[in-house]
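Novice:
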Amino acid sequence: MSTPDRDLSRALFGALVLAAVVLLVFTLKLPGLLLSVLLVICAVLFSRRVQADPEILAMRSSLLYARDDIAEVLDAYEQLQHGPAAADIADRTLHYPALADPDGTVPQINEFLLRASSARRFLERIDSYLESASTDKTQLERLLAVADERAFELQSAWDDARRAAKEIGPA
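Note that this note's numbering has the sequence shown beginning at 1444, numbered continuously upward.
1) Can you tell me the Cα-Cα spacing of VAL1480 and SER1452, whole angstroms?
2) Run the proximity test for ASP1534: is its beta-carbon closer than 6 angstroms to any non-hydrogen atom belonging to the ligand HEM?
3) Is DSSP giving VAL1549 helix, strand or coil here?
4) Between the alpha carbons of GLN1522 and GLY1612, how many angstroms are there, rounded?
5) Cα-Cα, which of GLU1574, SER1599 and ASP1602 is closest to LEU1506?
6) Could you check the C-alpha separation between GLU1554 and GLN1582 for me, to the nearest Å?
7) In the DSSP assignment, find the unbroken alpha helix (DSSP H) run with LYS1609 in it and report its ends.
8) Taking 7 angstroms as the cut-off, decide whether the C-beta atoms of ILE1513 and LEU1597 are in contact.
9) At a cut of 8 angstroms, does the segment 1554-1566 reach the segment 1588-1603 through at least three beta carbon pairs?
10) Tell me whether ASP1534 is buried or exposed, calling it buried when 16 or more other Cβ atoms sit within 10 Å of its Cβ.
11) Determine whether the beta carbon atoms of VAL1468 and LEU1476 lie at a separation below 7 angstroms.
12) Could you give the DSSP three-state label for TYR1425: helix, strand or coil?
13) Rounding to the nearest angstrom, what Cα-Cα distance links VAL1549 and MET1502 in this structure?
14) What are the start and end residues of the alpha helix (DSSP H) that includes ASP1531?
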């Protein structure tokens, strides 16, 4: 649940509890007051239990950063492949033409292309984990470790592929 939705649900829950308290006090007087105190205590305990763990929120945030790192490398490759700007065309034709050729035989470029396709599939799956409220701390720890490793390996493969393509130059 996103933050605005969570805030709205908390406000609605608080309004519901407040309405119940007022109704109990006006209809039952003293017993209603005692029941209202009990209701408020239960509501506070429930809301504390439902609040998100700050550690889980931090892991989700770190996972978003790792996801963004992966997406940034993939966007840079897409920009090189299909960018309409003059610099993109120059990179594609003069500086890194081997990167624009998916059927090349350069091992570093093939390694990057393999990692890029794997990273695209990973990004498609990671969003569902980030949106799911049922993803627990252990799952997030594993996902974060995998995402960090993939981001590092993809960035390294991108750097190696660019270096190899630059050495080859235009054909």
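Think of the CB as a built atom: it goes at the ideal place given N, C-alpha and C, for glycine as much as any other residue.
Note that the structure is a prediction, hence the values are computed from the model and not measured.
Specialist: Inspection of the coordinates gives the following:
1) Distance between the alpha carbons of VAL1480 and SER1452: 22 angstroms.
2) With respect to the ligand HEM, the structure offers nothing, as it holds no ligand at all.
3) In the structure shown, VAL1549 sits in coil (DSSP, three-state: anything other than H, G, I, E or B).
4) Taking the straight line joining both Cα atoms gives about 19 angstroms.
5) Closest by C-alpha distance to LEU1506, out of GLU1574, SER1599 and ASP1602, is GLU1574.
6) Those two C-alpha atoms are separated by around 28 angstroms.
7) Here the alpha helix (DSSP H) through LYS1609 covers 1580-1611.
8) Taking 7 angstroms as the cut-off, the beta carbon of ILE1513 is found closer than this to the beta carbon of LEU1597.
9) Verdict: yes, contact present.
10) ASP1534 should be labelled buried.
11) Yes, the pair counts as a contact, with Cβ atoms nearer than the cut-off.
12) Because the chain is modelled from 1444 through 1614, residue 1425 falls outside the range shown and cannot be assessed.
13) Computed Cα separation, rounded: 37 angstroms.
14) Note, ASP1531: alpha helix (DSSP H), 1529-1533.
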